[in-house]
Each structure stands twice: as C-alpha cells, then as structure tokens.
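Report on the following structure.
Numbering (the working numbering), first residue to last: 14 to 253.
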C-alpha cells in the first residue's frame, strides 16, 4: 500500500528520523505546528498520510494491522535505521502501537490515543456516520465549533476532511477489534480529562512502566489547543 510522506529537514538528521502519524480524518499536514520545532532540533521529519487519508492509497479492507504494515514498509524504505522517535495521535497512536515491534522507534509517543478498538460495527452504519462527519468538517464549521483552532488549523483540517475516505475508515470499524497497549519505556500524553485514556487506564499504564503526562484542559488534538504544554511535556523529544 502506497503511503504519501511529507519529508522535512535534512536527509540525515543529526538526531535521526521522527515519524508522525495523525489521527482519524486528519493528515500529515495536521502536524504543521510541530514539524519546524522538530527540524530545528535536528530531526529528519516524516509526516505520513495514513491509508484512506490525504494523498495515500485507499483500502476498503483496512485493519489496524494492515495500516501498521503499511507504515513499517513506508518508513523502512526511507530510512536505514529505526526512527529515533515516532509520535501517534488517536487512531495514529493505535497504528503506532501495532507497528512498534517492527518499526522499533527509539521512543514511541502516544498523544491521547486509545489502546483498544472494539471493532465489529455494522459497516453500512459506520460508513454513513463517517460520511456525515466528513461533510460537516469544513473550514468554516471548524472556525465556529473549535475556538482553539487557528485559521491555519481550520484550513488544514478542512482539506484533510475533503481527502478523507469514509469507506477505508469504516473497514477498520467493522473489522475485528483488538488491543495494542503502549509498552514500557514509551510515553503517553493525554488530555485531562480524556475520552480516550481514563485516569484508571493512565494508572495501569504507569504501573507497566509507561510514562504518562497529563495536560489539564487540553483538547483531544492536544497540540492545537495546548502546543506549548505539549512541547514542555516531551523533553525527551524537544529538549536539547
């Protein structure tokens, strides 16, 4: 499966590669705020469009595992060494967790990402919901419903919605569910409160050796609402 990649920074970053995986209905361009910060710190940044998003291939049979395989094959084609860091948001975090054993990032960061998917939903029902959400996610509507979005955020996310393929997303929701929890040594950054990582789940993750950082009042897309706090929460990535 061909995944589109926007590459930023030098071909050989002094700190290695940073892989960015957006959430459902986003795109690689969703990371526009973080990309220049990562480049300034010496990373070669690879911002991927996940299957059915942006300029990547559509896949009416997509599963989390198939998306993870596509990410691994795309990244390993572009870099000789495992990426120094990989950051996944929401659905992109789920894909990152599934890809991590083969991708072997030096540090995996999960931004307000679930670790399970229930799957098994009625395909026609969920397809209709995704089509409805896509139609509503215009730049103009985002401006009125997401006060923490800047004009550029609205434009970028509106374009991402136009390119989003509901059938690919519906395939994931109707496929069997699964669990891909972050492993010890990884970092979870969550909104507080979060609809995706509860206090109980955060405590369980910490018990397993996952470093959990909470950002009070943040939106699900944490770097849109609290960009400074997100950067400050990741000294392993943005420090130095």
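Backbone N, C-alpha and C define an ideal beta-carbon position, used for all residues, glycine too.
What does DSSP give as the partner residue(s) for residue i in the beta ladder?
{"i": "residue 189", "result": "132"}
{"i": "residue 18", "result": "61"}
{"i": "residue 229", "result": "205"}
{"i": "residue 102", "result": "124"}
{"i": "residue 224", "result": "200"}
{"i": "residue 32", "result": "59, 99"}
Taking only the alpha-carbon atoms, compute the straight-line gap between residue i and residue j and give it to the nearest angstrom.
{"i": "residue 53", "j": "residue 41", "result": "18 Å"}
{"i": "residue 114", "j": "residue 195", "result": "11 Å"}
{"i": "residue 148", "j": "residue 97", "result": "37 Å"}
{"i": "residue 28", "j": "residue 56", "result": "5 Å"}
{"i": "residue 47", "j": "residue 100", "result": "11 Å"}
{"i": "residue 123", "j": "residue 102", "result": "6 Å"}
{"i": "residue 189", "j": "residue 73", "result": "14 Å"}
{"i": "residue 61", "j": "residue 19", "result": "6 Å"}
{"i": "residue 197", "j": "residue 244", "result": "21 Å"}
{"i": "residue 201", "j": "residue 93", "result": "26 Å"}
{"i": "residue 179", "j": "residue 239", "result": "29 Å"}
{"i": "residue 25", "j": "residue 91", "result": "11 Å"}
Keeping to the same chain, check which residues put their C-beta closer than 6 Å to that of residue i; ignore five residues upstream and five downstream.
{"i": "residue 51", "result": "31, 58"}
{"i": "residue 242", "result": "228"}
{"i": "residue 185", "result": "75"}
{"i": "residue 168", "result": "152"}
{"i": "residue 129", "result": "192"}
Taking 8 Å as the threshold (C-beta atoms), are residue j and residue i in contact?
{"i": "residue 250", "j": "residue 155", "result": "no"}
{"i": "residue 192", "j": "residue 133", "result": "no"}
{"i": "residue 67", "j": "residue 21", "result": "no"}
{"i": "residue 225", "j": "residue 215", "result": "yes"}
{"i": "residue 223", "j": "residue 199", "result": "yes"}
{"i": "residue 283", "j": "residue 177", "result": "The requested residue 283 does not occur in the structure, where the chain is confined to residues 14 to 253."}
{"i": "residue 105", "j": "residue 142", "result": "no"}
{"i": "residue 107", "j": "residue 77", "result": "yes"}
{"i": "residue 174", "j": "residue 150", "result": "yes"}
{"i": "residue 12", "j": "residue 181", "result": "This structure gives no information on residue 12, because the portion of the chain shown stretches from 14 to 253."}
Give me, in chain order, the residues of the same chain whose beta-carbon lies closer than 7 Å to that of residue i; leave out the 5 immediate sequence neighbours on both sides.
{"i": "residue 207", "result": "125"}
{"i": "residue 111", "result": "77, 78, 81, 193"}
{"i": "residue 219", "result": "225"}
{"i": "residue 69", "result": "15, 16, 17, 62, 63"}
Compare the C-alpha of residue i against each of the options and name the closest.
{"i": "residue 144", "options": "65, 110, 19", "result": "65"}
{"i": "residue 116", "options": "244, 139, 84", "result": "84"}
{"i": "residue 137", "options": "78, 183, 218, 25", "result": "183"}
{"i": "residue 44", "options": "165, 210, 129, 128", "result": "165"}
Looking only at its chain, what residues have a beta carbon closer than 8 Å to the beta carbon of residue i, apart from the 5 residues adjacent to it on each side?
{"i": "residue 209", "result": "103, 125, 126, 127, 203, 233"}
{"i": "residue 205", "result": "227, 228, 229, 230, 231"}
Verify the contact flag: residue i, CB atom, against every heavy atom of the ligand FAD, threshold strictly below 7 Å.
{"i": "residue 39", "result": "Looking at this structure, you won't find the ligand FAD or any other ligand, since it has none at all."}
Taking 8 Å as the CB-CB limit, is residue i close to chain C?
{"i": "residue 80", "result": "Going by chain labels, chain C is absent from the structure shown, which holds only one protein chain."}
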